Amino acid sequence: MRHSRVRMNMNNKTPIQFLLSYTRPHYVKILLAIFFMLASSGLNVLPPYLFKSIVDDVLISKNVFMLNIICVSVFLIFGLKAITTYWQKYLMNQAGQSVVMDIRTDLYDHMQRMSLRKIYASRIGELMSRITGDVATLQNIVTGTIVDLLFNLVTFIGMFAFILYINWKLTCLIILVLPIVAGLLSLAAKKLRKAAHNVQEHLADITATAQEAFSAIRVVRSFATEDSELERFKKANRENYNALLNAVSVQGISSGVIEAFLILALCIIFWFGGQSVINGSLTPGELISFTGYIAFMVQPIRSVMNQMSILQTGIASIERIFDMLKSPVEERTLTDEGIKPGRLTGAVTFEDVSFSYEEGQTILKDINLNVKAGERIAIVGPTGSGKSTLVDLIPRFYDPDNGRILIDGHDIRELSLRELRRQIGIVPQECILMKGTIAFNIAYGLEDADIEKIIEASEIADIRTFIESLPDKYDSEVGERGVTLSGGQRQRIAIARAVIRDPRILILDEATSSLDIAVEHQVQKAINQAMKGRTSFIIAHRLTTIREADRILVLEDGRFTQSGSHEELMKAGGLYADLYKMQFGE
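Read in our numbering, the sequence shown has 54 at position 65, and its numbers run on one by one without any break.
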């Protein structure tokens, strides 16, 4: 499966090993690209050596035949260089783009399967920045920077070999400068990596700030906080600007210092080389060729510095992607491991269940509950008492710290998570629809659903008449997050989406709380139809929606304090009766 690679033991790998693991399927293309890159680099090294022949064999000796040979050689060298460069770039880009595509896919797959604790603790913009900004940076690195860096390094090595061949004494003078340049390169690499990591962090902050503002645009406008949000964005943008300037400064200083040392080396070569030509131990052509190589070597070193700066940014992105892929995922989301119980009846049992999001802050405490198949259970209580958390444990969005939950006598941790969730329908308070058609949204996640099933689900949800009144009926587009529909219409489509699988357990988490009274009555009718024959858990603040429940449970401070029908709880007094009287003045 695609996500099997993500499950590798990340703790035993470095970020670079992680990246290399994605190149294995493309070794042949990469090796061919390296071959053409070496050929191109070799051809790139030859032109300065021709300077020797031009001066010694053509200009001084006045040899026309040699002039013709050199001209043809130059044409052939650059013609072959163009061909080898094309194939090097084509093959490396093909392999590199495939690597990036695989990493982006695995990253998206992993992020979908991360624990909800991790997702809720993260800013959505920061998560999006991993898939967009970090992967885009990585794409530039893999398809361009690494290849160019290798090309320039090989070119530098080739030119160094030629100057060693031309005159080893002058080359020794160059060698004296190289350790200083290498030390400066190492120091620059460390500073550039730190600066690049800082840039990526601030870029993610910009994305997160913008994402938050646009996601809550109605809230921003209703509270007239556009200027405040602009100031937040300006602050993040300014910090990113400063981080970028710091990175550019580090790169510029490093490049300038190293280039200065190289120019100093060139001056020394001119002086000693000129002395050698004067005393006859070096020909004019050899000196011109030697200095030509030194001049040509400045460009590969300058390019290496620029590419190292870009590479440090890429390494920072790789580390951020690597860290994200190391974050824990939900257990058993990556395979279909576990018991496949077949069609459940929906009997649910909580045995001594306790749960906390953070250590020392217990939300649910020693919950014991037996729910018969087909029973309608309403859960009420103050805000923050743990109602939504309780029902989130049933589809295993979280696992309890202590105790266990059984469905039809099976510990849900022993069941295949995929099979468990297929038999649970959820209608949340905030009904989010995906961009696409109504049919796509109703059948979401159910690839084999035909139009008859979709129509049947829409009938149960009491939305069929509205859908069929539309010009494109079930093929009508709902817009991003369902913006073209009213709240009640979105809620009933969400009900249809929940019941099309014919789930044995239905969870309604404040499904009507955001609707006005008139629309709530319409949606409640659809909910009552959807609950028939299914074990149902209803969470509601509006107590009129739960009066017909088989049992009402009152949750206070993580414990059940009352249980019974509406009439029984009203007679008993307590929190439920108080809440009801507050709402209706009875």
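All C-beta atoms in this analysis are idealised placements derived from N, C-alpha and C, irrespective of residue type, glycine included. Predicted model only: the values in this text are computed from it and were never measured.
### Task
With a 10 Å radius around its C-beta and 16 neighbouring C-beta atoms as the bar for buried, classify valine 136 as buried or exposed.
buried
### Message
Quick check: is the beta carbon of glycine 263 nearer than 9 Å to any beta carbon in chain B?
### Response
Within the model displayed, chain B is absent; a lone protein chain is all it includes.
### Task
Inspect the CB distances between the segment 42 to 57 and the segment 155 to 168 and report whether three or more fall short of 8 Å.
no
### Message
Quick check: the Cα distance between cysteine 72 and leucine 65, rounded to an integer number of angstroms?
### Response
First, the residue type needs correcting, since residue 72 is isoleucine and not cysteine in the sequence shown. The alpha-carbon atoms of isoleucine 72 and leucine 65 are separated by roughly 11 Å.
### Message
Taking a contact to mean a Cβ-Cβ separation below 9 Å, would you say glutamine 83 touches arginine 182 in this structure?
### Response
no
#### Entry: Cα-Cα separation between glutamine 478 and glutamate 215, rounded to whole angstroms
Roughly 30 Å separates the two Cα atoms.
### Message
Just to confirm the assignment, what range does the alpha helix (DSSP H) spanning tyrosine 561 have?
### Response
Correcting the residue type first, residue 561 is alanine in the shown sequence and not tyrosine. From DSSP, the alpha helix (DSSP H) with alanine 561 extends over 555 to 561.
### Task
Just mark tyrosine 565 as buried or exposed, buried being the case when its beta carbon has 16 or more other beta carbons within 10 Å.
buried
### Buried versus exposed call for valine -5 [16 or more other C-beta atoms within 10 Å across all chains shown]
For valine -5, the pLDDT reaches just 47, beneath the cut-off of 50, and the residue's location in the model is therefore unreliable, leaving the point undetermined.
#### Entry: DSSP three-state assignment for methionine 103, whether helix, strand or coil
Methionine 103 carries a strand assignment under DSSP once its states are collapsed to helix, strand and coil.
### Query
Taking all protein chains shown into account, do 16 or more other C-beta atoms lie within 10 angstroms of the C-beta of tyrosine 75, making it buried, or fewer, making it exposed?
exposed
### Where cysteine 256 falls, given that 16 or more other Cβ within 10 Å makes a residue buried
Burial is judged here by how many other beta carbons sit within 10 angstroms of a residue's own beta carbon; cysteine 256 has fewer than 16 and is exposed.
#### Entry: Among Tyr463, Cys420 and Ala438, the one whose alpha carbon lies nearest that of glycine 476
Cys420
### Query
Taking the C-alpha atoms as reference points, what is the distance between glycine 547 and proline 492?
27 Å
### Message
Which residues does DSSP list as the beta-bridge partners of asparagine 359?
### Response
Thr338
### Nearest-angstrom Cα separation, counted from leucine 406 out to alanine 28
54 Å
### Query
Contact between the segment 439 to 448 and the segment 482 to 490: three or more CB pairs below 8 Å?
By the criterion of at least three beta-carbon pairs nearer than 8 Å, the segment 439 to 448 is in contact with the segment 482 to 490.
### Task
Please go through the segment 372 to 454 and give each complete beta strand (DSSP E) segment of 3 or more residues, from N-terminal end onward.
Whole beta strand (DSSP E) segments, 3+ residues: 391 to 396 and 413 to 416.
### Message
For a quick check, are the C-beta atoms of threonine 524 and glycine 363 less than 9 Å apart?
### Response
yes
### Query
With distances taken from CA atoms, which of Gly274, Asn295, Gln412 and Ile155 is nearest asparagine 337?
Inspection of the sequence shows that residue 337 is occupied by valine rather than by asparagine. Valine 337 has its Cα closest to that of Gln412, out of Gly274, Asn295, Gln412 and Ile155.
### Query
So what does glutamate 466 bridge to, in DSSP terms?
Paired residue(s): Thr426.
### Query
Of the choices Ser104, Met313 and Lys51, whose alpha-carbon is the least far from that of arginine 385?
Minimum Cα-Cα distance from arginine 385 among the listed residues Ser104, Met313 and Lys51 corresponds to Ser104.
#### Entry: Of the residues Arg119, Gly522 and Ile535, the one placed nearest glycine 303, counting alpha carbons only
Arg119
### Task
Tell me where the alpha helix (DSSP H) around alanine 483 begins and ends.
476 to 488
### Message
Residues in the same chain with beta-carbon distance under 7 Å from leucine 9, minus the five sequence neighbours each way, listed in chain order, please.
### Response
none
### Query
How many Å lie between aspartate 194 and serine 316 at the Cα?
20 Å
### Query
Are isoleucine 494 and histidine 399 close, meaning C-beta to C-beta below 9 Å?
Taking 9 Å as the cut-off, the Cβ atoms of isoleucine 494 and histidine 399 do not count as close.
### Query
If we count Cβ pairs, one from each stretch, closer than 8 Å, do we get three or more for the segment 281 to 288 versus the segment 88 to 95?
no
### Query
Which one of Ile352, Leu404 and Asp437 has the shortest CA to CA distance from valine 380?
Ile352
### Query
If we ignore side chains and look at the alpha-carbon of each, how far apart do serine 243 and tyrosine 387 end up?
Roughly 50 Å separates the two Cα atoms.
### Query
Just how far apart, CA to CA, sit leucine 576 and proline 389?
It is not possible to answer for residue 576, since the shown part of the chain is limited to -10 through 575.
### Query
Does DSSP put tyrosine 11 in a helix, in a strand, or in coil?
coil
### Task
Inspect the beta-carbon positions of glycine 274 and valine 44 and report whether they are closer than 9 Å.
yes
#### Entry: Inter-residue Cα distance where the pair is asparagine 359 and glycine 562
Linking asparagine 359 to glycine 562 through their CA atoms gives a straight-line distance of about 23 Å.
#### Entry: Closest residue to isoleucine 431 among Lys462, Leu404, Ile401 and Lys41 (Cα-Cα distance)
When C-alpha distances from isoleucine 431 are compared across Lys462, Leu404, Ile401 and Lys41, the shortest belongs to Lys462.
### Query
Just to confirm, are phenylalanine 140 and leucine 80 a CB contact at a threshold of 9 Å?
no
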